[in-house]
Each structure stands twice: as structure tokens, then as C-alpha cells.
Amino acid sequence: MEMESNMEAGLKQRCKSKDELITDVGSGSLGCCGWFLVILSGLFTFLTFPFTIWFCIKIVQEYERAVIFRLGRITDRKAKGPGIFFVLPCTDSFVKVDLRTVSFDIPPQEILTKDSVTVCVDGVVYFRVSDPISSVANVSDADESTRLLAQTTLRNVLGTKNLAELLSDRESISHSMQASLDEATDPWGIMVERVEIKDVKLPQQLQRAMAAEAEATREARAKVIAAEGEMNASRALKEASLVIAESPSGLQLRYLQTLSTIAAEKNSTIIFPLPMDIISHFMKK
1 MEMESNMEAG LKQRCKSKDE LITDVGSGSL GCCGWFLVIL SGLFTFLTFP
51 FTIWFCIKIV QEYERAVIFR LGRITDRKAK GPGIFFVLPC TDSFVKVDLR
101 TVSFDIPPQE ILTKDSVTVC VDGVVYFRVS DPISSVANVS DADESTRLLA
151 QTTLRNVLGT KNLAELLSDR ESISHSMQAS LDEATDPWGI MVERVEIKDV
201 KLPQQLQRAM AAEAEATREA RAKVIAAEGE MNASRALKEA SLVIAESPSG
251 LQLRYLQTLS TIAAEKNSTI IFPLPMDIIS HFMKK
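Numbering (full-length UniProt numbering), first residue to last: 1 to 285.
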């Protein structure tokens, strides 16, 4: 619920900032000279209509939008497209903006974690242009700026995590990076859709130390389990000896069962146990 409320607050803030931007766009006047040039361009287009029509008609694809500049000013509060639109020659120019989702790899970054461990981390970012006008008017190269910001954000976010969190809580780190990037790129008209941590490379010495630690832990656990098994077996033998002591014929039956087991295995050597009373009698002599 808290994450959803934060997302709703971010969307409201984004819509508010976009409304402010739309209010500013187109508020400036072209001036008398500007309007004179626009009227002159329109008159020239009308007089040479059969020929200039090919310079006036422009087409953008379904996944593209066109931001039109008239004498250096953005003409409309909304980007044109998709489909056909018209421009005036000599006074109008336009910039195509691709709205499709773009993905790029964050180059491997040497990062010092919170517990002073050096690791090499890389990731992938998915983003798209949500506001074509802002992506053209507010930043010179939105794509390259987002790439550079992603590298810095990766280092800043992972620098606050220790090694255990980095290895086990990648999903939370990805969401944190996405929120930071999305907030920073909002004035550029960029929406960060997804951030993923691809790989975490540890130094060889640290890998060997962690492997040795894990092996020692497993060996200690195995010894504890073996000791518990010996203890349980000794208790079972003690209980069995008490049962046999109550019934001397039970020892003879157990002896016969042992002989039957040995005979089934077809061994050539059979050991006959002698009572301790007989042996002690001979030792006294």
C-alpha cells in the first residue's frame, strides 16, 4: 500500500510538472517581424502550391512524434503525429522523437560497498520518452543523459548497501534505482520503466574466502550430525542390552539370527562368541 501511494504521488507530481510545462510552451509571441515572415512564407506557399506541397507535407510513424519549431519557438502544446501534418517552408522545422522503449546496458562499475568490499556490478535499464516536447526542449540529448545518470545512480545506490544485501536483495535495489532514475529524468520527459541488476562479480580472493567459509560450515554441521547419530545409536544399544539382560534366552536368539545372516552372505569365516564367564575362569587359572 505504501509503494502504491508513493507511485500515485509521483504520477500526480509528474502531471503537475507537465501541466506547468505546457502552460509555458507557446506563451511567447513571435513579434511583428515573426508574423510578417510567417505570412510571407504562407503566401509564397500558396502562390507556388503545386510545387511546395511536397515540402509542406510530412509523415511520422505510429511510434514517432514530431515537435514543430516556428522561428525557433515550439508552435503547439502537443507534439504532432502519428500520420500526416503540415509545416511552412523556411519558417518551420521539426524534430522526430521515438516513443518506443529503449534498453541499454550499464557498463560494469567498480563499487565499494558499505562494508568496504570492492565488487564489479553491471545492469540494464529500460526507458521511453513520455513527453516529446520536454525531451527536445529541456535536454540536448535525452538518451545519452539517461545513460550517464544510470551509471551514477548505480554507484550511489549500491554504495549504501553491504555485500549481503547486494547478493540477496537485488529486487529491492532495482526498485530503488528505478525510483531515483525516474524522478531525476522526469524534467527531461523520460520514463524509466525497469532497472535490473545483471551480474555481481566478486574478487577471486573473496570468492575463495567465502567458499572456504561455506565448506567449514558444512563440515562442522556434518560433524554435529554424526555425533548426534552416534549418541542416538549408543542409547539404542543401551536399551537393547537392558532388554537382553532381562531375558538370557534373547541373547541366544540374537546369536542364531546373526549366524543366519552370515550364512545368507555365503562367508567362509564364522566367528563364535564365547561367554565372558568361561574366559574369566581360564584367566584365573
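Just so it is clear, CB atoms sit at the ideal spot from N, CA and C, and this is done for glycine as well.
- Message: Along the chain, where does the alpha helix (DSSP H) containing Gln-109 start, and where does it finish?
- Response: That residue, Gln-109, is in no alpha helix (DSSP H); its beta strand (DSSP E) goes 102 to 112.
- Query: Are the beta-carbon atoms belonging to Pro-89 and Phe-46 less than 8 Å from one another?
  - Reply: no
- Alpha carbon to alpha carbon, how far is Pro-203 from Val-97? Give it in angstroms, no decimals. 43 Å
- Could you please give the first and the last residue of the uninterrupted alpha helix (DSSP H) stretch that includes Arg-170? 170 to 185
- What number of angstroms, rounded off, separates the C-alpha of Ser-234 from the C-alpha of Lys-201? 48 Å
- Task: Would you list the one or two residues that DSSP bridges to Ile-57?
- Result: Phe-86
- Query: Out of curiosity, what's the CA-to-CA distance linking Asn-138 and Pro-108?
  - Reply: 29 Å
- Message: When you compare the CB positions of Asn-156 and Thr-113, do they come within less than 8 Å of one another, or not?
- Response: no
- Quick one: grab the DSSP three-state call for residue 286. Summary: the structure shown does not reach residue 286, with the chain confined to residues 1 through 285, and so no result is reported for it.
- Hey, would you say Val-95 sits closer than 8 Å to Val-129, going by beta carbons? no
- Task: Spell out the partners DSSP gives Arg-73 in its beta bridges.
- Result: Arg-70
- Query: Which of the three DSSP states, helix, strand or coil, is assigned to Lys-201?
  - Reply: strand
- Query: Between Ala-245, Ala-142, Gln-151, Asp-92, which lies nearest to Cys-120 when the distance is taken from Cα to Cα?
  - Reply: Gln-151
- Query: Does the Cβ-Cβ distance between Asp-92 and Ile-68 come in under 8 Å?
  - Reply: yes
- Task: Taking the CB atoms as reference points, tell me whether Leu-149 and Ala-184 lie closer together than 8 Å.
- Result: yes
- Item | Range covered by the beta strand (DSSP E) that runs through Asp-122 | 118 to 129
- Task: Check whether the Cβ atoms of Val-195 and Val-125 sit closer than 8 Å, and answer yes or no.
- Result: yes
- Query: Are the beta-carbon atoms of Ala-66 and Lys-78 separated by less than 8 Å?
  - Reply: no
- For Asp-141, which three-state DSSP category applies? coil
- Query: Among all the DSSP beta bridges, which residues are the ones paired with Met-191?
  - Reply: Arg-128
- Query: How big is the Cα-Cα spacing for Met-210 and Ala-216?
  - Reply: 10 Å
- List the endpoints of the continuous beta strand (DSSP E) containing Ser-41. Unbroken run through Ser-41 is the alpha helix (DSSP H), 31 to 47; no beta strand (DSSP E).
- Item | Pairwise C-alpha distance: Leu-256 and Ile-262 | 10 Å
- What residues are listed by DSSP as bridge partners for Val-218? Per the sequence presented here, residue 218 reads as Arg, with Val not at that position. According to DSSP, Arg-218 bridges with nothing at all.
- Message: Tell me the rounded alpha-carbon separation between Met-177 and Val-192.
- Response: 10 Å
- Task: Just tell me which of Ile-84, Leu-167, His-175 has its CA closest to the CA of residue 368.
- Result: The structure shown does not extend to residue 368, since the chain is modelled only from 1 to 285, so the question has no answer here.
- Between the Cα of Glu-171 and those of Lys-198, Trp-188, Leu-206, spot the shortest distance and give me the residue it belongs to. Lys-198
- Message: Quick check: the Cα distance between Ser-41 and Leu-30, rounded to an integer number of angstroms?
- Response: 14 Å
- Keeping to the same chain, check which residues put their C-beta closer than 7 Å to that of Asp-115; ignore five residues upstream and five downstream. Asn-162, Leu-163
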